[in-house]
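Residue numbers (this note's numbering): 58 to 281.
C-beta atoms are modelled at their ideal positions from N, C-alpha and C, and glycine is treated no differently.
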Ligand code: SAH
């Protein structure tokens, strides 16, 4: 199911031509992203709205960009890849995201799954992300200011979990809150990190190691 962002929001682009966006989509395809629903959502989601004005002109480059508090908006390739991996075994209904950040990945997910539950530990980032969801009229996003390493037990279990900050080891809580056949997409490691996909099966958990990545660390506790 695709919940397209309304036209009105897309027309306010101004600085970014359709061609700039098409170039980004082409680049993602060249790198192996093949899920057309994911590519379509990335094509139409206004990434510049997730950045401060000083950074907005770089929104359609395939790079990670700073969003304050020493955090970054993930590179479009990484967002596309992780989303594609999350959806690879079929549609997802309830998805938990760890690390809302700017809310860009949240907005992409919100257009591809039924409900998104997103947890962020830094309050001011969460507040900005909340405003962006409102502006884009993405009403199926639910946010929590908390340590996402604990998951979001009251709203679980989830048939998808996607983390955008890297723990050294996968927190037990996240595995526990995964529904049967649920998929967890998560960067794991310290100096050297790898993207992992964990599927909950009848027997336990199956882990697939996908590729090297570079995320900010998952940190304990919250910041007001
Ligand atoms: N998906 C975001 C990526 C932001 S960077 C985007 O595209 O903008 C990772 C985010 O994870 C940061 O905002 C950071 O504050 C948050 N984070 C780190 N550890 C966390 C934790 N334990 N619980 C919740 N959020 C966490």
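query	result
For residue 272 versus residue 203, is the C-beta spacing smaller than 8 Å?	no
Anyone know if the C-beta pair for residue 230 and residue 206 falls short of 8 Å?	yes
Would you mind working out which of 122, 165 and 192 sits nearest residue 97, comparing C-alpha positions?	165
Shorter than 7 Å, the distance from the beta carbon of residue 276 to the closest heavy atom of ligand 1, or not?	yes
For ligand 1, is there any heavy atom lying closer than 7 Å to the beta carbon of residue 161?	yes
Within the same chain, show all residues whose beta-carbon is closer than 7 Å to that of residue 117, passing over the 5 residues directly before and after it, in chain order.	73, 77, 78, 81 and 104
Measure the alpha-carbon distance for residue 275 versus residue 224 and round it to whole angstroms.	5 Å
Output the boundary residues of the beta strand (DSSP E) element that contains residue 200.	198 to 202
Less than 7 Å separating the Cβ of residue 229 from some heavy atom of ligand 1?	no
Keeping to the same chain, check which residues put their C-beta closer than 8 Å to that of residue 142; ignore five residues upstream and five downstream.	240, 242, 252, 254 and 267
Identify the continuous alpha helix (DSSP H) that holds residue 236 and give its terminal residues.	Note, residue 236: premise wrong, no alpha helix (DSSP H); beta strand (DSSP E) at 235 to 246.
Would the beta-carbon of residue 278 fall within 8 Å of that of residue 178?	yes
In the structure shown, what three-state DSSP assignment does residue 268 receive?	strand
Per DSSP, what are the beta-bridge partners of residue 122 in this structure?	130
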